[in-house]
Structures are given as C-alpha cells and as structure tokens.
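Colleague: Can you read through this structure? Questions will come right after.
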C-alpha cells in the first residue's frame, strides 16, 4: 500500500479514537482530502506511464441482513471514485455479490473506503429503532442504510470534484483531460466485459429511516476475484 493510503489509515484510526465529535471530524476531513488528491495523483502518474495502472475488476461478496443496502453503499462509493459496478444474484431484496470495475488505484480506494464505511454503518444500524409506533424495524433499517449510502456518495463526489478542480489550473487543463480519458476507457472496457446487463430497478423503501441515515452519512468517516458470470447480474 502506498505511503498516502497508509497516512489515510492512520488518520482514520485517530478519528475512531477521538474524544469528541469535532476532533473526529477534523481527522475525517483530512482523510477525505488526502483520498481525493491521491486519486488525482495516481491518474496523472498513470497517464505518463500507462502500464502503471490497469483496468480490471474485483468481486466482493455481500452478506445479509440488508445485502441490497450494503451493495448500494459499495456501488455508490465506487461510482463517486470513477468506477463502475455490477450487482450479482439480485432478487427479492437480496444481493449475492458486487463487482467493482475500474482502474486498480481507484478500486483500491473503493475497497479501503467500503471496508470502513460498512463497519461504521453496521455498528450504528444495530442500535437503530424507528420512532413511529408499530413500524417494522427491518424496514426502518433498510431506509436508514439507503440514506447513509446516498449521503456518503454526495460527500465523496464533492471531494473528488474539488481535488480535480484544484489540479486543473496548474496543469493547463491536463488533469481534467486525463480524468475524462480514464472514464471513457473504463466505460468502453465495462461495456465490453458486460454487454448483456439489464439495469437495476429503482429501490422502493417503506421505512422512515432515510433522514436519520443521511445524517449519519454526513458524519461518517470517509477516509478509510474471478471474472463474474452475466447471469442474474444487474448493471449500475
């Protein structure tokens, strides 16, 4: 693992041990900034040395409960970090696995973040109960996880855009062109690898936990296979 990613891991560890929420947020914000800058730096280095960063995929198993919500958390994290994703075995609210498709440096960032985010989300989720009398706990938790994932996606996307904009003025537009080219290459390779995908249905959730999950996502610490078959796979 690179020195930068090691620094991010250490920042996350400090955030987890912080005595106050304000102290934790200071470490978290720095970790997010470093993660985004690391992605831009790796993209620019790969542009100068094409063999440095290859396009490929990693398949990550999902486990119940709430495997579909966990899949969205992984997939939306991947999208924010310029990767594509595929759900496998999606049926009756369950997902068997997710494949993340993109450049190696971006896949590494996705795995690092997802591991941390999943831990944070599940730790909070087991303590959550709906305030509405008679509401299903499972429905509430599903909608909570959906809100958490959506807010994390927005925060990561904003950090990536800010890091890219920061590099553009000093590079004569080179950073922006590099990122556009990388995304186009990923899209072409993704289409070739998964030509027969169907698009996932939009999720319909009945629980009232979305707002609580989104609030938790705003506070979340963002610093931290075999070629899949096409059967029962959903593109995103």
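In the UniProt record's numbering, the protein residues as written are 1 to 236. Don't be surprised by glycine CBs; every beta carbon is placed ideally from N, CA and C.
1) What do you get for residue 11, buried or exposed, if any count of 16 or more other CB atoms within 10 angstroms of its CB means buried?
2) To which residues of the same chain is residue 71 closer than 6 Å at the C-beta, ignoring the five residues directly before and after it?
3) Anyone know if the C-beta pair for residue 55 and residue 102 falls short of 8 Å?
4) Nearest to residue 106 by alpha carbon, out of 150, 44 and 48?
5) Do the stretch 45-53 and the stretch 67-83 touch if we need at least three Cβ pairs shorter than 8 Å?
6) Measure from the alpha carbon of residue 90 to the alpha carbon of each residue in 84, 158, 104 and 66, then state which is nearest.
7) Do you know how far the Cα of residue 181 is from the Cα of residue 26?
8) Buried or exposed for residue 2, please, with buried defined as at least 16 other CB atoms from any protein chain shown within 10 angstroms of its CB.
9) Thinking just about the alpha-carbon of each residue, which of 6, 142, 176 and 184 is nearest to the one in residue 35?
10) DSSP three-state call for residue 71: helix, strand or coil?
11) Classify residue 136 as buried or exposed, calling it buried when 16 or more other Cβ atoms lie within 10 Å of its own Cβ.
12) Rounded to whole angstroms, how far is the Cβ of residue 152 from the Cβ of residue 76, which I believe are closer than 8 Å?
13) For residue 179, which residues of its own chain have a beta-carbon under 8 Å away from its beta-carbon, when the five flanking residues on both sides are left out?
14) Here's the rule: buried if 16 or more other CB atoms are within 10 angstroms of the residue's CB, otherwise exposed. What is residue 130?
15) Use the C-beta contact count for residue 177: other C-beta atoms within 10 angstroms, 16 or more gives buried, fewer gives exposed.
16) Assuming residue 107 is part of the beta strand (DSSP E), what are its boundary residues?
17) For a test of the three-state rule: what should DSSP assign to residue 101, helix, strand or coil?
18) Here's a check: name, in chain order, each residue in its chain whose Cβ is nearer than 8 Å to the Cβ of residue 187, leaving out the five neighbours to either side.
Modeller: The short version:
1) On the chain shown, position 11 is the one that residue 11 refers to. Buried.
2) For the purposes of this step, residue 71 is taken as the residue at position 71 of the chain shown. Around residue 71, the same chain offers 62, 87, 95 and 98 as residues with beta carbons nearer than 6 Å, after the five sequence neighbours per side are excluded.
3) The residue you call residue 55 lines up with position 55 of the chain shown. The residue you call residue 102 lines up with position 102 of the chain shown. A distance below 8 Å separates the beta carbons of residue 55 and residue 102.
4) Within the chain shown, numbered from 1, the residue matching residue 106 stands at position 106. Between residue 106 and the set 150, 44 and 48, the nearest pair of CA atoms involves 44.
5) Using a Cβ-Cβ distance cut-off of 8 Å, the stretch 45-53 and the stretch 67-83 are not in contact, since fewer than three pairs of beta carbons, one from each stretch, lie closer than that value.
6) Counting from one through the chain shown, the residue named residue 90 turns up at place 90. It is 66 whose Cα lies nearest to the Cα of residue 90.
7) Locating residue 26 in the chain shown gives position 26, where the first residue counts as 1. Locating residue 181 in the chain shown gives position 181, where the first residue counts as 1. Residue 26 and residue 181: Cα-Cα distance of roughly 33 Å.
8) Along the chain shown, one-based indexing puts residue 2 at 2. Around the beta carbon of residue 2, fewer than 16 other beta carbons sit within 10 angstroms, so the residue counts as exposed.
9) If you number the chain shown from 1, residue 35 lands on position 35. Ranking 6, 142, 176 and 184 by Cα distance to residue 35 puts 6 first.
10) Locating residue 71 in the chain shown gives position 71, where the first residue counts as 1. Residue state, collapsed to three classes: helix.
11) For this step, residue 136 is matched to residue 136 along the chain shown. Per the 10 Å Cβ criterion, exposed.
12) For the purposes of this step, residue 152 is taken as the residue at position 152 of the chain shown. For the purposes of this step, residue 76 is taken as the residue at position 76 of the chain shown. In this structure, residue 152 and residue 76 form a Cβ contact; the two beta carbons are roughly 7 Å apart against a cut-off of 8 Å.
13) Stepping through the chain shown from its first residue, residue 179 is reached at position 179. Spatial neighbours of residue 179 in its own chain (CB-CB distance under 8 Å, excluding positions within 5 residues in sequence) are listed in chain order as 40, 43, 82 and 164.
14) Mapped onto the chain shown, residue 130 falls at position 130. Note on residue 130: 16 or more other CB atoms within 10 angstroms of its CB, so buried under the neighbour-count rule.
15) Numbered from its first residue, the chain shown carries residue 177 at position 177. Within a 10 Å sphere around the beta-carbon of residue 177 sit fewer than 16 other beta-carbons, which makes this residue exposed.
16) Start at 1 with the first residue of the chain shown, and residue 107 comes out as number 107. Segment 104-125 is the alpha helix (DSSP H) holding residue 107; no beta strand (DSSP E) there.
17) Stepping through the chain shown from its first residue, residue 101 is reached at position 101. In the structure shown, residue 101 sits in a strand (DSSP, three-state: E or B).
18) Position 187 of the chain shown, counting from 1, holds the residue named residue 187. Excluding its 5 nearest sequence neighbours in each direction, residue 187 has C-beta neighbours in its own chain below 8 Å: 84, listed in chain order.
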